[in-house]
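Trainee: Heads up: the sequence lines are chains L and C, in that order.
Heads up, our numbering is the position in the first sequence plus 203, with the first residue counted as 1.
Heads up, our numbering is the position in the second sequence plus 203, with the first residue counted as 1.
Ideal Cβ placement from N, Cα and C applies to all residues, glycine included.
Shown below is the structure under consideration.
There are 2 protein chains.
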Amino acid sequence: MDEAGQGDRSEHEGVPLRAARIQDVAKLAEVSTATVSRALATPERVSAEARARVQEAIAKTGYVPNLAARSLRSQKTGMVLVVLPDLANTFFSKILRGIEETLFEAGYGMIISDLDGSPEKEAHFAAFTAAGRVDGAILLNGHLFGQTREGEGKPAKIKIPLVALCEAIPGVDIPQIEIDNRAAASRMTQHLASLGHHSIAYVSGPAINILERERFQGFKDGLEAAGLPFDPELVIPGDYTVASGVAAGQNLVARSGRPSAVFCTSDEMAIGLMRTLFSAGLKVPEDISVTGFDDIEFAAVAEPALTTIHQPRRELGQAAATVLINLLQGRPTPKRIRLETELVIRDSVRPRA
Amino acid sequence: MDEAGQGDRSEHEGVPLRAARIQDVAKLAEVSTATVSRALATPERVSAEARARVQEAIAKTGYVPNLAARSLRSQKTGMVLVVLPDLANTFFSKILRGIEETLFEAGYGMIISDLDGSPEKEAHFAAFTAAGRVDGAILLNGHLFGQTREGEGKPAKIKIPLVALCEAIPGVDIPQIEIDNRAAASRMTQHLASLGHHSIAYVSGPAINILERERFQGFKDGLEAAGLPFDPELVIPGDYTVASGVAAGQNLVARSGRPSAVFCTSDEMAIGLMRTLFSAGLKVPEDISVTGFDDIEFAAVAEPALTTIHQPRRELGQAAATVLINLLQGRPTPKRIRLETELVIRDSVRPRA
DNA sequence: AAGTTTCATGTAAACGATTACATGGAACCC
DNA sequence: GGGTTCCATGTAATCGTTTACATGAAACTT
Chain L
204 MDEAGQGDRS EHEGVPLRAA RIQDVAKLAE VSTATVSRAL ATPERVSAEA RARVQEAIAK
264 TGYVPNLAAR SLRSQKTGMV LVVLPDLANT FFSKILRGIE ETLFEAGYGM IISDLDGSPE
324 KEAHFAAFTA AGRVDGAILL NGHLFGQTRE GEGKPAKIKI PLVALCEAIP GVDIPQIEID
384 NRAAASRMTQ HLASLGHHSI AYVSGPAINI LERERFQGFK DGLEAAGLPF DPELVIPGDY
444 TVASGVAAGQ NLVARSGRPS AVFCTSDEMA IGLMRTLFSA GLKVPEDISV TGFDDIEFAA
504 VAEPALTTIH QPRRELGQAA ATVLINLLQG RPTPKRIRLE TELVIRDSVR PRA
Chain C
204 MDEAGQGDRS EHEGVPLRAA RIQDVAKLAE VSTATVSRAL ATPERVSAEA RARVQEAIAK
264 TGYVPNLAAR SLRSQKTGMV LVVLPDLANT FFSKILRGIE ETLFEAGYGM IISDLDGSPE
324 KEAHFAAFTA AGRVDGAILL NGHLFGQTRE GEGKPAKIKI PLVALCEAIP GVDIPQIEID
384 NRAAASRMTQ HLASLGHHSI AYVSGPAINI LERERFQGFK DGLEAAGLPF DPELVIPGDY
444 TVASGVAAGQ NLVARSGRPS AVFCTSDEMA IGLMRTLFSA GLKVPEDISV TGFDDIEFAA
504 VAEPALTTIH QPRRELGQAA ATVLINLLQG RPTPKRIRLE TELVIRDSVR PRA
């Protein structure tokens with residue numbers, strides 16, 4: 204039993220001193236390491252008898268393949284990078300869950316990068332992808348990273364599969380999973396208009412944002428469809444956060460001629476805005492109608508319950524993960540997936556008095 | 204220049220066919236691979252001249268170290284696993300952000316595992332740690348995974364540093380980062396009692412939960428301190444989610460003798476519960492006082508604004524990450540860190556009429 | 001000036017898997 | 001029965017680093 208040249212693979216009281224390697228399993232099962240490897244990766248190419256012996260040896264040794272070694276040799280990591288602008292945002296967290304679920308089922312792990320607006324972090328994660336630490340990436344941030352300036356040296360180009368989720372990335376040919384923001388915003392605007400509102404304020408997202416640009420277009424589309432004029436005065440800047448909703452509310456309250464309805468491009472902002480309106484003695488929807496966008500968990504339980512656009516967040520995450528997995532495994536995949544949104548009518552909107 | 208035996212490292216139009224390796228850098232800088240490696244890991248051990256040449260060569264080739272190889276050789280991954288029960292929960296997402304920030308600064312990456320109550324996933328992530336894919340882990344789920352049953356084989360024991368965050372793990376000797384749940388719950392209870400409420404309902408978390416047990420103890424402590432009796436009838440089961448808050452509200456509305464105050468052990472539940480109360484025609488705080496726990500973003504903008512216990516979520520995450528990093532780098536670290544909570548008084552509580 | 005220490009560097013052996021290629025035997029076909 | 005195909009398995013090269021050890025020169029020491 205005791206071969207020479209074994210090194211220090213001794214045991215004591217049945218507890219292995221070091222984690223088992225494929226060699227240990229091979230020795231115990233009396234096969235070669237190649238057979239062990241195949242028994243795991245392609246069981247059908249190994250005889251039933253050998254497979255059984257390997258299984259037993261694995262159970263006995265508690266062997267777990269070393270992923271660094273596997274990754275080094277096979278040039279695959281089994282990891283997917285998810286890049287997003289704000290981890291703390293409710294909107295993203297449910298999408299993340301959809302992604303994680305789907306990746307997990309396919310045997311992939313998820314590494315998260317919360318960019319947090321820092322270019323330093325972007326550079327770091329660009330290096331990540333180049334370092335072969337992940338097999339692919341899902342981008343929720345609306346732009347590519349690692350946009351190295353031209354001329355200087357040879358930029359480490361990203362050549363792993365990428366998928367853009369929610370925010371399309373202009374000028375890059377990668378699959379996109381999204382909703383039709385423009386149509387949804389237009390629909391919401393027309394909904395308000397159909398209830399008699401002809402002075403509708405718009406609380407925007409960050410101006411650079413593709414998402415914002417689409418929704419803003421949709422807002423204007425909706426006004427036009429309803430035969431209403433667009434008034435730049437009624438556009439209030441925001442950034443999707445509760446705090447910016449609160450600020451937008453203050454902006455609104457300070458005005459003399461108030462619009463009869465406010466279209467907020469995120470539920471967070473709508474909730475923050477309503478808070479400010481209440482504090483100022485205004486009632487929603489009696490004095491002013493408010494809508495959101497996204498249909499986060501809290502939209503339904505806000506007071507008043509928020510009329511909003513429902514986004515299938517979990518499904519968006521699942522779809523993105525599925526597309527990426529297909530890409531990684533060389534299967535064909537559609538270039539663009541658009542999931543349906545839904546206008547959810549609750550209590551924060553009322554026909555104009 | 205053109206050495207023989209170079210393999211297929213040819214270039215075309217300045218675009219490298221394959222990612223640069225340390226060898227390529229070494230050749231270009233006219234040093235050995237060891238020097239390149241040292242120039243990166245321990246610059247002070249390399250002459251200024253060689254360092255400069257290496258830097259230049261790295262810039263020219265766009266070299267990025269292959270992390271699988273590094274990890275295989277050095278037995279370190281630069282990765283930390285974060286295990287949590289519910290990724291979609293607002294409470295966790297801000298903690299995650301604190302963790303990510305701190306890990307990033309120290310050069311670590313974050314892998315997330317959303318357990319989602321699935322034992323299958325637990326097993327998978329136990330294997331993860333055993334497979335040497337991560338250097339350490341932060342556990343937010345209140346128990347260890349990979350609790351292999353005794354006797355059978357040799358379980359792949361987890362021997363990487365672990366840190367328990369928020370939920371202490373009983374019977375395991377690992378550092379814990381937490382708040383004093385019991386004291387905080389007691390304080391909130393006494394606050395309600397001091398305002399004349401002597402019939403206080405308690406909406407609980409999941410019963411198995413350590414967190415819940417501590418808060419429940421604190422609730423009873425508070426009652427006792429205020430000289431109030433404990434009435435099991437007034438304990439309503441919940442699981443921290445909005446939906447369970449809604450259910451608890453229905454439970455409450457259906458009762459004949461209603462308590463004058465409700466202590467919810469999460470803000471989500473409090474918000475859901477208030478929603479139900481409104482729908483039933485009850486007013487908060489006029490008819491009934493409601494409190495939450497956690498002080499999530501929405502607590503301050505809820506209508507009415509929620510009286511709650513503030514938890515320093517970001518700081519909790521940062522502290523856990525810091526402790527783990529210290530552990531990983533062999534520095535001493537306290538066994539237990541307790542961060543301060545704060546009673547935040549807003550508008551959802553009023554003295555008993 | 002001979003011996004010792006320090007320093008910068010190079011050589012080559014790991015790290016632990018996967019997999020191309022080789023091998024030998026069984027099964028199959030005319 | 002000889003040639004072909006197929007199958008299960010083994011041998012050994014390979015993935016791209018890090019790092020223990022060796023080396024030789026320079027800088028001190030006494």
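Let me make sure I understand the geometry here. Which of C:Gly374, C:Phe433, C:Glu500, C:Asp338 has the alpha-carbon closest to that of Lys362 (chain C)?
Mentor: Working through the second sequence from its first residue, we reach residue 362 (chain C) at position 159. Nearest C-alpha to Lys362 (chain C): C:Asp338.
Trainee: Could you name the residues of chain L that Asp317 (chain C) contacts, counting a contact when the two beta carbons are closer than 9 Å?
Mentor: Taking the first residue of the second sequence as position 1, residue 317 (chain C) is located at position 114. By Cβ distance, chain L contributes Leu299, Arg300, Glu303, Glu304, Phe307, Met313.
Trainee: Report the residue from C:Ile377, C:Ala396, C:His394, C:Ile491 whose alpha carbon sits nearest the alpha carbon of Arg539 (chain C).
Mentor: Here residue 539 (chain C) refers to the residue found at position 336 of the second sequence. Nearest option by C-alpha distance: C:Ile377.
Trainee: How many Å lie between Val406 (chain L) and Cys467 (chain L) at the Cα?
Mentor: Sequence index remark: in the first sequence, residue 406 (chain L) carries index 203 (1-based). Sequence index remark: in the first sequence, residue 467 (chain L) carries index 264 (1-based). Approximately 5 Å between the Cα atoms of the pair.
Trainee: Would you report the Cα separation of Gln393 (chain C) and Ala386 (chain C), rounded to the nearest angstrom?
Mentor: In the second sequence, counting from the first residue as 1, residue 393 (chain C) sits at position 190. In the second sequence, counting from the first residue as 1, residue 386 (chain C) sits at position 183. Approximately 10 Å between the Cα atoms of the pair.
Trainee: Identify each residue in the region 479-505 of chain C for which the Cβ-Cβ distance to at least one residue of chain L is less than 7 Å, and report them in chain order.
Mentor: Phe481, Glu500, Phe501, Val504
Trainee: Given a threshold of 16 other Cβ atoms within 10 Å of its Cβ, counted over all protein chains shown, does Phe537 (chain L) qualify as buried or as exposed?
Mentor: By one-based count along the first sequence, residue 537 (chain L) stands at place 334. The sequence shown places Pro at residue 537 (chain L), rather than the Phe named in the question. Exposed is the label assigned to Pro537 (chain L), since fewer than 16 other Cβ atoms lie within 10 Å of its Cβ.
Trainee: Considering Phe466 (chain C), what are the terminal residues of the beta strand (DSSP E) in which it resides?
Mentor: Within the second sequence, numbered from 1, the residue matching residue 466 (chain C) stands at position 263. That run of the beta strand (DSSP E) goes 464-467.
Trainee: Under 8 Å, with one C-beta from each stretch per pair, do the region 275-288 of chain L and the region 248-257 of chain L reach the 3-pair mark?
Mentor: no
Trainee: What are the start and end residues of each continuous alpha helix (DSSP H) run of 4 or more residues lying completely inside the region 461-514 of chain L, in chain order?
Mentor: 470-482
Trainee: What residues of chain C sit near Ser274 (chain L), judged by a beta carbon separation below 7 Å?
Mentor: Start at 1 with the first residue of the first sequence, and residue 274 (chain L) comes out as number 71. Chain C residues near Ser274 (chain L): Ala271.
Trainee: Mind listing the chain L neighbours of Lys324 (chain C)? Cutoff is C-beta to C-beta under 9 Å, in chain order.
Mentor: The residue given as residue 324 (chain C) occupies position 121 in the second sequence. Near Lys324 (chain C) (Cβ distances below 9 Å), the residues of chain L are Phe307.
Trainee: Who pairs with Tyr405 (chain L) in a beta bridge, going by DSSP?
Mentor: Residue 405 (chain L) sits at position 202 when you count from the first residue of the first sequence. DSSP lists L:Val438, L:Phe466 as partners of Tyr405 (chain L).
Trainee: List, from N- to C-terminal side, the alpha helix (DSSP H) runs of 4 residues or more that fit wholly inside the region 276-352 of chain C.
Mentor: Runs of the alpha helix (DSSP H) spanning 4 or more residues and lying entirely within the region 276-352 of chain C occur at 293-308, 322-333, in chain order.
Trainee: When we look at the beta-carbon of Ala457 (chain L) and count the other beta-carbons within 10 Å, is it buried (16 or more) or exposed?
Mentor: Here residue 457 (chain L) corresponds to residue number 254 of the first sequence, with the count starting at 1. So Ala457 (chain L) ends up on the exposed side.
Trainee: Which of the three DSSP states is assigned to Gln379 (chain L) in this structure?
Mentor: Locating residue 379 (chain L) in the first sequence gives position 176, where the first residue counts as 1. Here Gln379 (chain L) sits in strand by DSSP.
Trainee: Three-state secondary structure (DSSP) at Val552 (chain L)?
Mentor: What you label residue 552 (chain L) is simply residue 349 of the first sequence in a count that begins at 1. Looking at Val552 (chain L) - three-state DSSP - the assignment turns out to be coil, as it is neither helix nor strand.
Trainee: Three or more C-beta pairs under 8 Å: does that hold for the region 297-310 of chain C against the region 323-336 of chain C?
Mentor: no
Trainee: Work out the CA separation of Val366 (chain L) and Arg224 (chain C) for me, nearest whole Å.
Mentor: Mapped onto the second sequence, residue 224 (chain C) falls at position 21. Mapped onto the first sequence, residue 366 (chain L) falls at position 163. Between Arg224 (chain C) and Val366 (chain L), the C-alpha separation is close to 27 Å.
Trainee: What does the Cβ neighbour count give for Thr245 (chain L), buried or exposed, with the cut at 16 atoms within 10 Å?
Mentor: Counting from 1 along the first sequence, the entry for residue 245 (chain L) is found at position 42. Exposed, by the Cβ-count rule.
Trainee: In this structure, how does DSSP classify Glu518 (chain C) when only helix, strand and coil are distinguished?
Mentor: The residue you call residue 518 (chain C) lines up with position 315 of the second sequence. Looking at Glu518 (chain C) - three-state DSSP - the assignment turns out to be helix.
Trainee: So that I know if they touch, is there some Cβ in chain C lying closer than 9 Å to that of Thr280 (chain L)?
Mentor: Here residue 280 (chain L) refers to the residue found at position 77 of the first sequence. For Thr280 (chain L), the answer is yes, since a Cβ of chain C falls inside 9 Å of its Cβ.
Trainee: Since Val267 (chain L) meets chain C, which of its residues come closer than 7 Å, beta carbon to beta carbon?
Mentor: Reading the first sequence from its first residue, position 64 is the one you call residue 267 (chain L). Chain C residues near Val267 (chain L): Ala330, Ala333, Ala334, Ala359.
Trainee: At a CB-CB cut-off below 8 Å, which residues of chain C make contact with Gly475 (chain L)?
Mentor: Taking the first sequence and counting its residues from 1, one reaches residue 475 (chain L) at position 272. Ordered by position in chain C, the residues that pass the 8 Å Cβ test against Gly475 (chain L) are Val504.
Trainee: Hey, how far is the Cα of Val504 (chain C) from the Cα of Met477 (chain L)?
Mentor: One-based indexing of the second sequence puts residue 504 (chain C) at position 301. One-based indexing of the first sequence puts residue 477 (chain L) at position 274. Distance between the alpha carbons of Val504 (chain C) and Met477 (chain L): 8 Å.
Trainee: Applying a beta-carbon distance threshold of less than 9 Å, which residues of chain C neighbour Val445 (chain L)?
Mentor: If you number the first sequence from 1, residue 445 (chain L) lands on position 242. Correct list: Glu500, Phe501, Ala503, Val504.
Trainee: If you measure between the beta carbons of Leu395 (chain L) and Thr511 (chain L), is that distance less than 9 Å?
Mentor: For the purposes of this step, residue 395 (chain L) is identified with residue 192 of the first sequence, where counting begins at 1. For the purposes of this step, residue 511 (chain L) is identified with residue 308 of the first sequence, where counting begins at 1. Not in contact: Leu395 (chain L) and Thr511 (chain L) (Cβ atoms no closer than 9 Å).
Trainee: Return no unless some Cβ of chain C is closer than 9 Å to the Cβ of His400 (chain L).
Mentor: Walking along the first sequence from the start, residue 400 (chain L) turns up at place 197. So, not an interface residue.
Trainee: Rank L:Pro462, L:Val267, L:Leu243, L:Phe328 by C-alpha distance to the C-alpha of Glu489 (chain L) and give the top, closest one.
Mentor: Position 286 of the first sequence, counted from the start, is the residue given in the question as residue 489 (chain L). Of the candidates L:Pro462, L:Val267, L:Leu243, L:Phe328, the one whose C-alpha sits nearest the C-alpha of Glu489 (chain L) is L:Pro462.
Trainee: Label Ser274 (chain C) either buried or exposed according to how many other C-beta atoms from any shown protein chain fall within 10 Å of its C-beta, with 16 as the threshold for buried.
Mentor: Numbered from its first residue, the second sequence carries residue 274 (chain C) at position 71. Ser274 (chain C) comes out buried.
Trainee: Rounded to whole angstroms, what's the CA-CA distance from Arg553 (chain L) to Gly399 (chain C)? Just pull it up for me.
Mentor: Here residue 553 (chain L) refers to the residue found at position 350 when the first sequence is read from its first residue. Here residue 399 (chain C) refers to the residue found at position 196 when the second sequence is read from its first residue. C-alpha separation (whole angstroms): 39 Å.
Trainee: Checking contacts by CB at 9 Å: is Gly425 (chain C) closer than that to chain L?
Mentor: To locate residue 425 (chain C), count along the second sequence from 1; it is residue 222. So no, Gly425 (chain C) is outside the interface.
Trainee: What did DSSP end up calling Arg539 (chain C) once you bin it into helix, strand or coil?
Mentor: Here residue 539 (chain C) refers to the residue found at position 336 when the second sequence is read from its first residue. DSSP places Arg539 (chain C) in strand when its eight states are reduced to three.
Trainee: How is Gly354 (chain L) classed by DSSP in three states: helix, strand or coil?
Mentor: The residue given as residue 354 (chain L) occupies position 151 in the first sequence. Confidence is the limiting factor: at Gly354 (chain L) the pLDDT is only 34, short of 50, which leaves the residue's position unreliable, though a coordinate-based value still follows. Looking at Gly354 (chain L) - three-state DSSP - the assignment turns out to be coil, as it is neither helix nor strand.
Trainee: At which residues does the alpha helix (DSSP H) containing Val234 (chain C) begin and terminate?
Mentor: Mapped onto the second sequence, residue 234 (chain C) falls at position 31. Val234 (chain C) -> no alpha helix (DSSP H), and no H or E assigned at all.
Trainee: Answer with yes or no whether the minimum CB distance from Ala291 (chain C) to chain L is below 9 Å.
Mentor: Working through the second sequence from its first residue, we reach residue 291 (chain C) at position 88. Yes, Ala291 (chain C) counts as interfacial toward chain L.
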